[in-house]
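Here the structure is laid out as structure tokens; the discussion comes afterwards.
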Amino acid sequence: MGKLLSVFLCVLLTAGCAQQKIIDDLALINAVGYDKINNQETPLKVTITFPMISKDGQYDRKTITVYGKSSKDAKGKARYQTNLLLESGQLRVALFGSELAKDGLVPYVDTIVRDPSIGSRVMLALGKNEANELLSLQINNEGQNATFLEQFITKLNVESRAVHYNIYQFLRDYYDDGTDPVLPVFKVDKKNIAFDGIGLFQGDKLKKILNTQDTNILFLLRKRIKHGNIGLGIETREEKKAQIMLSYVQTTHRMKVKMEQDKPVVTIDLKVIGDILEYMGEEDLSDPEIKKETEKLISEELKRKGEELIAQFQELQVDPLGVGGYVRNKMNYKRWQELDWYNMYKDMNIGLKVEVKINSSGKWK
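Under the working numbering, think of the first position of the sequence shown as 166, with each following residue one higher.
Below, the structure written as structure tokens:
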């Protein structure tokens, strides 16, 4: 009995010594932004935002911008700008300005990862200009800036299925020598935050930002996509122009590699089944012959645009399609390690085959 009493008292005293945090005294950071500035003393601008309750009881947010030599230095300075205790455990989104991303993201992502209160599912994204611009904006979008970005990136995850824009996926692609990371890009559009495409990386350094239309084609080329929309312009008979919005409901994606004279030759085989959501042209798509011809024209246009994108990737020496992973699987480990992958990649023969089938063209032409 005496032993049990001693144990109980020890537990009680230990619990009494634990650090207690009152929720009203905490600033639960839900988004952080990093930007590069032209200042040798403090080259980093860090923006943090957290929810709070205003004096009249309304749900509001607080944004703090500080400058420092490093992210930890800047965060230390942020503590002097609020009477609340800054906590990172509720961090949902980390944003990076495009200029900073060109120099490499791993040092900043590594700092986030080293914080034991933060999980690896924190979402990552780029600001087309500055991250600060996106987090400081008084937006007309639904919800707060951080909430809107979190929900939008979650929607992108659901739509693409092949990639998740979080720390885990970014570091996985970074350390995988057979693929390169990609991240979504956002911009300020008047009083709103708008999606503006995908950032392509070589390692952890930003090389190019794709517009939204090319982004749709990128993901068709990258992996099997369950559904999505893509707009295309085609040239019909008698050299007439038509605009089509295709909603694809099923895709088949295969990437094949064969070795020819000890060099890899890659073929991407893409099959798309979709519905015509919108057609702005003079042809009657209910006519089986015209429908078949339209399928051929869409296939050719997708192939042309896809080949242009692949050529861009090779010129930039970025591999968002993960071609390197397929090539690596065709080689032994020693051969792959000896290979100058990017040098081979830029001159590699990468072919594309596209077949589009129209499931439905609607009731009207």
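From the three backbone atoms N, C-alpha and C, an ideal C-beta is built for every residue, glycine too.
Query, Result
"Inter-stretch contact (C-beta, 8 Å, three-pair minimum) for the region 407 to 418 and the region 345 to 365", "no"
"First and last residue of the uninterrupted beta strand (DSSP E) at residue 226", "224 to 233"
"C-beta atoms of residue 400 and residue 464 nearer than 8 Å", "no"
"CA nearest to the CA of residue 513, picked from 416, 213, 489 and 236", "489"
"Inter-residue spacing [alpha-carbon to alpha-carbon] between residue 390 and residue 417", "8 Å"
"Residue from 352, 287, 450 and 452 with nearest C-alpha to residue 197", "287"
"Separation of residue 449 from residue 530, as counted between CA atoms", "Its pLDDT being 46, under 50, residue 530 is placed unreliably by the model, and the measurement read from it follows with that caveat. Their Cα atoms are separated by approximately 5 Å."
"Sequence-distant residues of its chain with Cβ nearer than 8 Å to residue 268 (five each side left out)", "201 and 370"
"Within 8 Å, strictly: CB atoms of residue 282 and residue 254", "yes"
"Own chain, CB closer than 6 Å to residue 352, minus 5 neighbours either side, in chain order", "293, 359 and 361"
"Beta strand (DSSP E) segments (min. 3 residues) lying fully within the region 426 to 484", "428 to 445"
"CA nearest to the CA of residue 458, picked from 237, 522, 225 and 266", "522"
"Cβ-based burial, residue 377 [other Cβ within 10 Å; buried from 16]", "exposed"
"Candidates 392, 452 and 422: closest to residue 438 by CA position", "392"
"Any C-beta of chain C under 8 Å from that of residue 333", "Chain labels in this structure do not include chain C; a single protein chain is all it has."
"Beta-carbon proximity list for residue 470, same chain, < 6 Å, skipping 5 on both sides", "382"
"Close-in-space but distant-in-sequence residues of the same chain around residue 271 (CB under 6 Å, 5 per side omitted)", "369"
"Among 395, 440, 311 and 501, the one whose alpha carbon lies nearest that of residue 289", "311"
"Minimum C-alpha distance to residue 231 - residue among 245, 224, 225 and 324", "245"
"Cut-off 8 Å between Cβ atoms - residues of its own chain near residue 350, not counting five sequence neighbours on either side", "263, 290, 291, 292, 293, 360, 361, 362, 363, 364 and 374"
"Closest residue to residue 336 among 309, 314, 366 and 357 (Cα-Cα distance)", "366"
"Start-to-end residues for the alpha helix (DSSP H) that takes in residue 267", "263 to 268"
"Rounded C-alpha distance that separates residue 454 from residue 524", "14 Å"
"Residue 330 burial status per 10 Å Cβ neighbour count (16 or more: buried)", "buried"
"Nearest-angstrom Cα separation, counted from residue 407 out to residue 238", "56 Å"
"Contact check, residue 309 vs residue 216, beta carbons under 8 Å", "yes"
"Bridge-paired residues (DSSP) for residue 197", "213 and 259"
"Range covered by the beta strand (DSSP E) that runs through residue 288", "288 to 292"
"First and last residue of the uninterrupted beta strand (DSSP E) at residue 358", "357 to 367"
"Nonlocal neighbours in the same chain, by C-beta distance under 7 Å from residue 183, ignoring five residues either side", "Per-residue confidence for residue 183 stands at a pLDDT of 44, beneath the threshold of 50, marking its modelled position as unreliable; no derived number is given."
"Bridge partners - residue 509, DSSP secondary structure assignment", "DSSP lists no partner for residue 509."
"Environment of residue 338 [buried if 16+ CB atoms lie within 10 Å]", "buried"
"Nonlocal neighbours in the same chain, by C-beta distance under 6 Å from residue 172, ignoring five residues either side", "The pLDDT assigned to residue 172 is 46, lower than 50, so where the model puts this residue is not dependable, and the model offers no usable value."
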